[in-house]
Every structure is written in C-alpha cells, then in structure tokens.
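*Asks:* Mind the numbering: the sequence shown is residues 103 to 545 in the numbering used here, read in order.
Where a beta carbon is used, it is the ideal one built from N, C-alpha and C, also for glycine.
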Amino acid sequence: MCLELHGILPHLWMIQPVNHGKHLKVGSYPKITLNNGIFPTSAYTKQDDSIVITTTTTYQQKNATILPVYGPQSGDWFVAAYMSYWDERVQQQGLGHKCRYSIGTVALWSQVDNIENISVGYQMTFQTSTTTTYYKIYIPSGVWSFRLSVWNCNFLLHNIQDIREPCIETMSLKGRALPILNHLYRKESKYLTTNASYTFTELSPYEDSYYYLLVISKSVIEFNVKVLPSIQHQSALITICIQRDRIPKLGNLHSCQSETLSMNLSSLNKHNTNFSIVYPQPGTWYIISHMICYNWNGKSVHCQYGEISMIMNVRIRKCIFSDQKPCGNHGICQEIQKNVLHYATCNCFKGYTGWDCTDISNTITAISSFMSAMLLILSNAFFIPAIYIAIKRKLYAEGLVYLATMLFSSLYHACDQNGGQFCIVKYEVCYIDLFCSFFIFQN
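Written out as structure tokens, the structure reads:
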C-alpha cells in the first residue's frame, strides 16, 4: 500500500513554511502529543503500531510526501495530521490574514488474488506456477499454538543450476499480513533443499485470523505442507499479561513476552496498579495472571496459599482520569465528532501539555504569570498624562478618547494573557480598543 499526502497553502502572503506531523495506524486512532508532550505514567505507549512522518507545507501544490507501507494489515487505517504551534493571541477581526490549511490523501495498493488455502490438520501437496506464491491458513479461536511443516520439495522442471540451488529459496510465515521479500529480517526467512524439512512454530498465534506463507523458487516445484493445531512466611508476586487477539505468554524473570502489556502486584509492597490503553484497537483482549511465591530470603518456593483474591476493574473512559475530572485540574475533556468518527481528547490550559495535561515543563510560576500580566495592564497608565493635558486645555473630546483607549486597552491586555484567566469581558468588547486607536490618530 502506498499513501500519498498533499499539504496545500492557498495564501501566498505566508512566507514561513509550517511543519505538519502525520500519523498512520491500523485499527484505531493514532496517539498524538503535540510539541513533544508527555503521556501519564500509567499510560502504555512503548508498543505502538503508529507510523509517524513529519513534512513541511510549501506553496507548491505538486509537492507530495509518499509513504510506502509494505505488507499492511487488513482492516481500517486511520490517518491523523496536525500543525506545529502557532500564535493564538487576540487579533482584530478583519485586519489580519487567515491561513487555511488543507491536506489531501491518495491511497494506492496492489493485492494478490486467488491465494490457495491450507487446511488445518491435513497433509496437502502444492505445486508452484510462479516465482512468488502465497498460501493462507485460517487460525480459528481457541488455538493456543500451531506448527506448519514443509517437506519433500522436488523440482518439476530440471536444469543444470538445480544441483546447486535450493528447492525453495525463501519461505516466510506471517500473521494478518503478507510477508514481503525485500522487507524480511534474516531470521524471518528460511530456505529448503530437496531432502530437508522445516517447521514453523507459533506458540501464541493470532486467533480468528489468517496466516500467510510466502514461497519463492526460481523453478516449478512441488512440496508437502501440514498444519497441526496445553503460605506461611511467603510473599506472592502476581504477573498480569494483556494482549489483543492472541493469548499472551509469560517470559523470563516474571515478565511477559515482548509486545505484551504487563503489570505486577505484590503482597508485600504493591497491592494496587493500573494503566491505560490509549485508543484501544478493536478485537478480543486476553488477560492472564501468574503467581509465584517467595520465602523470606527471596527464593522461589511452592505456594502454600489456598487461594488469593484479586479484584480487576476494566472501564472505558473518555479521557485519562475519572469522569469528574477526566483531564485533571489543568485541562478539559473534549468530545469531537467529525462525520462518522467520534473521539475524545484533553484540551490543556495554557502552559500545560501532555496527554493528561500534567506536563509542566513549559509552565511558569503563578507569581511570574501574575506579575507579567499586571505590568502589561498597568503600562496603560502612560495615557494619564495625555488625559490630564487634554482636559487642562479644554480638549474634552480628545481626553475622552484617551480615557476610553486606556480602559479598553487594559481590558484587551487582560484577556490576551494567561489564556484569558484575567478576562472580565467578552472578546468582542476588546475590539473597541482598535477603534479608539483610530480616533486618536484622526485627532
């Protein structure tokens, strides 16, 4: 699959290119944090299927970013784009220029038709007709593991080079996506000679999904395939593994295997734990727990507990935290509806970033923020001498204009600082400041 992205700037008065970030993900929305914001510590972000690219919007509409995706998974793909930070200060309506940005996408793909099916539990013989051949195996729900064996490979068309060449030059097995020859790791591809056999073993396969077998040979060959589908003075450590669409497996040292969400509970010092899965992908999520008991010196022993109670609470939330304050004290949870897409995200107050609005790396202290706003507002006191001189010379109209300008300029600066925390009027009222300035120049 190949995705072509077009960024367009229709207004030529913008002389500064704008950086765009684009995220591509299968199955669900991609996770995005603007300006390097951080996720909460309870959110799992290490393993993510998102494809991230950064482009720069230019004036030429012909410029496009091409993103190839080799062997994409089947299903819905979601593309999200965002622009880098821009100045959001209050400006007079109608005097400035509004820049409207747009992005267009074109998806092109090539597919393999008429893929032969390998039945589970039966020995089958296949004959290739092209250099590259794909086969598919359906793995139903409830299969904990399976083995795919390939053997008895023979050449049907012989030539002199067949003596030195392997019968199958490359073969690879992959779940939910077609294995691509030029994008395989060395350990993912195998070769097979005429008198050899090889067995692929999947200990924790994707359930209710197709696996695809890639076979590459320079000659017409024939081969066989078969798929075969189990407390006293002690402390307890519980390892919890979570994985989507396949039953997770435990690794070494009380941890889960790679690409698996994990949590640990201890009867000594860690009785509670939690984490969030941001924009979970659809499917069946499996949770397994494993308990190991230790004696007083930390040695693994046989568990003497009759049973251990563990309460598990799985909830769906709009944003990160509970429904009372979904984004904590420094943001609000916004639900966004765009056509058929519906999602929620945290809109952080000024100075706070991150997925849950807890990143304070860009914030300033409350005293500094207050002093900055007060100094800017009090700077309008320089109008007082002009007002005094105008009244003394009986220029009452001019004095009134200066007074109105001072008042509305103070209101304008109050609304323009700290995200509008000191604003006491509507934003439309602030525009009077500009009209008063026009009267000053006319006078």
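Using DSSP with H/G/I as helix, E/B as strand and the rest coil, what is residue 156?
*Replies:* The residue given as residue 156 occupies position 54 in the sequence shown. Here residue 156 sits in strand by DSSP.
*Asks:* Less than 7 angstroms between the C-beta atoms of residue 458 and residue 170, yes or no?
*Replies:* Here residue 458 is taken as the residue at index 356 of the sequence shown, counted from 1. Here residue 170 is taken as the residue at index 68 of the sequence shown, counted from 1. Taking 7 angstroms as the Cβ cut-off, residue 458 and residue 170 do not qualify as a contacting pair.
*Asks:* Within a Cβ cutoff of 6 angstroms, which residues of the same chain sit near residue 456, ignoring the five residues on either side of it in sequence?
*Replies:* Translated into positions along the sequence shown, residue 456 becomes position 354. Counting only Cβ-Cβ distances below 6 angstroms, and skipping sequence neighbours, we find 139 and 140.
*Asks:* Between the Cα of residue 293 and those of 315, 249 and 309, spot the shortest distance and give me the residue it belongs to.
*Replies:* Counting from 1 along the sequence shown, the entry for residue 293 is found at position 191. Considering only alpha carbons, the answer is 315.
*Asks:* For residue 221 and residue 248, I'd like the C-alpha separation in whole angstroms.
*Replies:* Counted from its first residue, the sequence shown places residue 221 at position 119. Counted from its first residue, the sequence shown places residue 248 at position 146. Cα to Cα, residue 221 sits roughly 12 angstroms from residue 248.
*Asks:* So who's on the other strand from residue 389, going by DSSP bridges?
*Replies:* Position 287 of the sequence shown, counting from 1, holds the residue named residue 389. Answer by DSSP bridge pairing, in chain order: 344.
*Asks:* Would you please state the rounded distance, in angstroms, between the beta carbons of residue 312 and residue 350? I believe it to be under 8 angstroms.
*Replies:* Residue mapping note: residue 312 aligns to position 210 of the sequence shown, counting from 1. Residue mapping note: residue 350 aligns to position 248 of the sequence shown, counting from 1. That belief does not hold up - the Cβ atoms of residue 312 and residue 350 are roughly 21 angstroms apart, past 8 angstroms.
*Asks:* Could you tell me how far apart the beta carbons of residue 304 and residue 243 are, in whole angstroms, since I believe they sit closer than 8 angstroms?
*Replies:* Counting from one through the sequence shown, the residue named residue 304 turns up at place 202. Counting from one through the sequence shown, the residue named residue 243 turns up at place 141. Contact doesn't hold; Cβ gap of about 15 angstroms is too wide.
*Asks:* With a threshold of 7 angstroms between beta carbons, is residue 443 in contact with chain C?
*Replies:* Note that chain C does not occur in the displayed structure, where there is just one protein chain.
*Asks:* Please classify residue 332: does DSSP put it in a helix, a strand, or coil?
*Replies:* As a first step, residue 332 is located in the sequence shown; it is residue number 230 there, counting from the start. In this prediction, residue 332 has a pLDDT of 45, which is less than 50 and means its spatial position is unreliable; what the coordinates show is noted afterwards. DSSP places residue 332 in coil when its eight states are reduced to three.
*Asks:* For residue 394 versus residue 339, is the C-beta distance shorter than 7 angstroms?
*Replies:* Numbered from its first residue, the sequence shown carries residue 394 at position 292. Numbered from its first residue, the sequence shown carries residue 339 at position 237. Contact flag set, yes.
*Asks:* Within 10 Å of its beta-carbon, does residue 373 have 16 or more other beta-carbons around it, so buried, or fewer, so exposed?
*Replies:* Translated into positions along the sequence shown, residue 373 becomes position 271. So residue 373 ends up on the exposed side.
*Asks:* Please classify residue 130 as buried or exposed, where buried requires at least 16 neighbouring CB atoms within 10 angstroms.
*Replies:* Residue mapping note: residue 130 aligns to position 28 of the sequence shown, counting from 1. Counting Cβ neighbours within 10 Å, residue 130 comes out buried, since at least 16 surround it.
*Asks:* Which of helix, strand or coil does DSSP assign to residue 503?
*Replies:* Counting from one through the sequence shown, the residue named residue 503 turns up at place 401. It is helical.
*Asks:* Less than 7 angstroms between the beta carbons of residue 238 and residue 217, yes or no?
*Replies:* Within the sequence shown, numbered from 1, the residue matching residue 238 stands at position 136. Within the sequence shown, numbered from 1, the residue matching residue 217 stands at position 115. Taking 7 angstroms as the Cβ cut-off, residue 238 and residue 217 qualify as a contacting pair.
*Asks:* Can you list the alpha helix (DSSP H) stretches of 4 or more residues lying completely in the segment 453-481, in chain order?
*Replies:* Entirely contained in the segment 453-481, the alpha helix (DSSP H) runs reaching 4 residues are, in chain order, 468-480.
*Asks:* Can you list, in chain order, the residues of its chain with a C-beta nearer than 8 angstroms to that of residue 327? Leave out the 5 residues immediately preceding and following it.
*Replies:* As a first step, residue 327 must be located in the sequence shown, where it is residue number 225. So the qualifying residues of the chain are 220, 225, 226, 227, 228, 237, 250, 251, 252 and 315.
*Asks:* Taking only the alpha-carbon atoms, compute the straight-line gap between residue 506 and residue 432 and give it to the nearest angstrom.
*Replies:* Translated into the one-based positions of the sequence shown, residue 506 becomes position 404. Translated into the one-based positions of the sequence shown, residue 432 becomes position 330. Near 35 angstroms, if we compare the C-alpha coordinates of residue 432 and residue 506.
*Asks:* Is the beta carbon of residue 509 less than 7 angstroms from the beta carbon of residue 527?
*Replies:* Residue mapping note: residue 509 aligns to position 407 of the sequence shown, counting from 1. Residue mapping note: residue 527 aligns to position 425 of the sequence shown, counting from 1. The answer is no: Cβ separation not under 7 angstroms.
*Asks:* Flag this pair as yes or no: are the beta carbons of residue 146 and residue 379 separated by less than 7 angstroms?
*Replies:* Here residue 146 refers to the residue found at position 44 of the sequence shown. Here residue 379 refers to the residue found at position 277 of the sequence shown. Yes, Cβ-Cβ distance for residue 146 and residue 379 is below 7 angstroms.
*Asks:* Where does residue 416 land, buried or exposed, given buried means 16+ other C-beta within 10 angstroms?
*Replies:* Locating residue 416 in the sequence shown gives position 314, counting from the first residue. Answer is exposed; the Cβ neighbour count stays below 16.
*Asks:* Do you know how far the Cα of residue 474 is from the Cα of residue 354?
*Replies:* As a working mapping, residue 354 is identified with position 252 in the sequence shown. As a working mapping, residue 474 is identified with position 372 in the sequence shown. Near 55 angstroms, if we compare the C-alpha coordinates of residue 474 and residue 354.
*Asks:* Return the chain-ordered list of same chain residues with a C-beta closer than 6 angstroms to the C-beta of residue 331, the five sequence neighbours on each side being excluded.
*Replies:* Residue 331 sits at position 229 when you count from the first residue of the sequence shown. Same-chain partners within the cutoff: 222, 245 and 248.
*Asks:* Look up residue 365 in the DSSP assignment and say whether it is helix, strand or coil.
*Replies:* Locating residue 365 in the sequence shown gives position 263, where the first residue counts as 1. Strand at residue 365.
*Asks:* Straight-line CA distance for residue 117 to residue 471?
*Replies:* Counting from one through the sequence shown, the residue named residue 117 turns up at place 15. Counting from one through the sequence shown, the residue named residue 471 turns up at place 369. In this predicted model, residue 117 has a pLDDT of only 39, less than 50, meaning its place in the structure is not dependable; the value taken from the coordinates is given anyway. If you take the alpha carbons of residue 117 and residue 471, they lie about 32 angstroms apart.
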